[in-house]
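For the record, in the sequence shown the residue sitting at position 192 is 249 according to the numbering used here, with numbers rising by one throughout.
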Amino acid sequence: MAPDPGHRRRGLPRTEEEAAARAAEAEQAQAEQEAPTTTETPASAPPVASGRYRRGLGGTPIPRAAEAVPAPTDHASQAPQESLGSTEASGDPARSAAPVADQPVAEEQEPVSAGDRPVKPGRRIGLGGTPVPRAAGEAEPKAEPEKSEPRRRGLGTPTPTPAEAKAETEQQGPPVEPVPAPTPAPAPATKQPAAQEATNYFGRSAKRWGLVAAVGVVGVVALAAAIVLGTQWFLGTSAGSDFLDRYPGQYSQPDAPDGYPWWLNWAHFFNAFLMALIIKTGIQIRGEARPQAYWTPKWNKKRKISLTIWLHQALDLLWVLNGVIFVVLLFATGYWTRVVPTSWEVFPNALSAGLQYASLDWPTNHDWAHYNSMQELAYFTTIFIAAPLAIATGVRMSGLWPADNQTLNRIFPTGLARAVHFPVMIYFVVFILVHIFLVFATGALRNLNLIYTGQDATNWTGFWLFAASLLVIIGGILATRALIVAPIASLFGRVGR
């Protein structure tokens, strides 16, 4: 505890009685100081030792100046404050016995609590014990108490006084109600697709394609049954019989060549092979969202197309080449009269042949089965109308078209070419399916021999050649992959991503 600045150092005692009286007075002041007061003593106050005393000239030992006890204040009767620090400071007697030699003599203590009034400093006393009066006009120092009220000190955060709490509330303003966080709307429950619906084929799942196919088959069967029954009823009438007698289904062509030449057989096979690959790649182009590779021509580095488009166009060129050879031989040998109508009677005879096909009752003789008027119109449409349309629209959409020619672009726009090209492909698909059906429906062994061997026989040679050609066509379709096509395409340009 620091010495009270109000006490001044006294002179040496003159007699032993005076020294004893001063010692008794100091002990009495010490006892009064140790009594519980309102003064707040921090727990860390250094203890005051009473070990070594300075002795006078043969008298009673005099206590050190640091041990001087301040005069009792007039606040001694106040109730003790709620403070953990004051309790710990006054209740530990061991600290008062600690030696003073280990600490500085004039160690300063922490200031007393703000609520205590400072002790008035005493006057200096001379050697004779009489207090020395202060100089005139010297004012006694007064310590101004702090305006803030003392807070209770504890282990946690000090509790603010009511005045401070009110001031903080006024500064913060009126309490703001917390805005509840917006609750996200629950996402609508989505139906997880089944495993078989995960893979899409041209925008539809396999299950949906199966449903469409089933509905289509049922519709086709119902329509076919209605057509067959209706046609049989009509041909059973007198009007129907008279129409068949007048137009049997073909007109006379005495100058037309007979049979199937060898070049026609080979052209027929190559045409079937190339058409299968062209249709496959064309459908693949329409459903291809992310091509596996691209092809850039050597003569135009700025142009880049997918590898599938390159294969489709390469097959188109081979198909056109095969068609040109076929047409040249067709007119060179006079065989064109089999596929080009030479009389207007072709139209009523074609209708008669169609009615006989629909009634499932038609002649099976050689001329009628292979070159009736309906077949003649179909061949003519395929060779001289559908094929040129497919070639023209394909060239318009390819890199062979002069894109800088504004006049040609205005006459034949790209949109028109695309609108025509796909329906033409559908026509070829329908023609091939109907053609295969009629081959098997009008005598399979005889027809296959005529197509593949050129012989009018009913053995199995033509059938096995047909089976072998199917394996070649299927193998070609499976070979239209980027891994196989890329090395071939790299011979004519650069293949990359």
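Glycine is no exception: its CB is placed at the ideal position from the N, C-alpha and C atoms.
Rounded C-alpha distance that separates residue i from residue j
i, j, result
"Ser455", "Ile362", "10 Å"
"Pro311", "Leu374", "36 Å"
"Ser367", "Thr338", "According to the sequence shown, residue 367 is Trp rather than Ser. Computed Cα separation, rounded: 10 Å."
"Ile440", "Tyr428", "15 Å"
"Met482", "Leu372", "14 Å"
"Asn379", "Phe326", "10 Å"
"Leu364", "Gly533", "16 Å"
"Gln370", "Ala539", "15 Å"
"Gln341", "Ala536", "14 Å"
"Ile284", "Ala460", "48 Å"
"Ala346", "Val274", "29 Å"
"Asp424", "Thr471", "43 Å"
"Thr288", "Ala279", "14 Å"
"Ala426", "Phe523", "19 Å"
"Arg261", "Leu268", "11 Å"
"Gln432", "Ile541", "38 Å"
"Ser526", "Asn322", "12 Å"
"Thr390", "Trp320", "11 Å"
"Arg467", "Ser298", "53 Å"
"Ser430", "Pro348", "45 Å"
"Pro314", "Leu286", "37 Å"
"Ala270", "Leu473", "30 Å"
"Ile493", "Phe469", "35 Å"
"Tyr414", "Leu528", "30 Å"
"Trp290", "Val272", "27 Å"
"Leu548", "Val381", "25 Å"
Reduced DSSP category for residue i - H, G, I as helix; E, B as strand; rest coil
i, result
"Trp419", "coil"
"Trp458", "coil"
"Trp352", "strand"
"Val396", "coil"
"Gly553", "strand"
"Ser547", "coil"
"Ser526", "helix"
"Ser262", "strand"
"Ser409", "helix"
"Glu145", "At Glu145 the pLDDT is 43, less than 50, meaning the model places this residue with poor confidence and gives no usable figure here."
"Ser309", "coil"
Contact check, residue i vs residue j, beta carbons under 9 Å
i, j, result
"Asn328", "Trp376", "yes"
"Ser409", "Pro305", "yes"
"Phe479", "Leu502", "no"
"Pro318", "Tyr392", "yes"
"Trp419", "Thr515", "no"
"Val496", "Asn504", "yes"
"Phe300", "Leu412", "yes"
"Ile530", "Ala333", "yes"
"Ala407", "Leu434", "yes"
"Arg554", "Pro405", "no"
"Tyr308", "Val385", "no"
Chain-order list of residues whose beta-carbon lies under 6 Å from that of residue i (same chain, five-residue window excluded)
i, result
"Lys355", "Gly550"
"Phe383", "Ala324"
"Val581", "With the chain running from 58 to 554 in the structure shown, residue 581 is simply not present."
"Gln463", "none"
"Gly276", "none"
"Arg79", "none"
Residues of its chain near residue i, where Cβ-Cβ distance is below 8 Å and the 5 sequence neighbours each way are ignored
i, result
"Leu360", "Here residue 360 turns out to be Arg, not Leu, going by the sequence shown. For Arg360, where only same-chain residues beyond five positions count, the Cβ hits under 8 Å are Thr353, Pro354 and Gly456."
"Gly316", "Leu507, Gly511 and Asp513"
"Ile336", "Met482, Phe485 and Val486"
"Asn357", "Gly456"
"Val452", "Trp458"
"Gln85", "none"
Cβ-based neighbour list, residue i, same chain, cut-off 7 Å, excluding 5 preceding and 5 following
i, result
"Arg475", "Met454"
"Thr421", "Thr499 and Gly500"
"Thr518", "Asn506 and Thr510"
"Val477", "Leu446 and Thr450"
"Ile448", "Val377"
"Leu331", "Leu372, Leu375, Trp376 and Asn379"
Stretch-stretch touch, CB-based, cutoff 8 Å, three pairs: the region 392 to 400 with the region 430 to 450: Short answer: they touch.
Three or more C-beta pairs below 8 Å linking the region 287 to 295 and the region 484 to 491: Between the region 287 to 295 and the region 484 to 491 there are fewer than three C-beta pairs closer than 8 Å, too few to call the two in contact.
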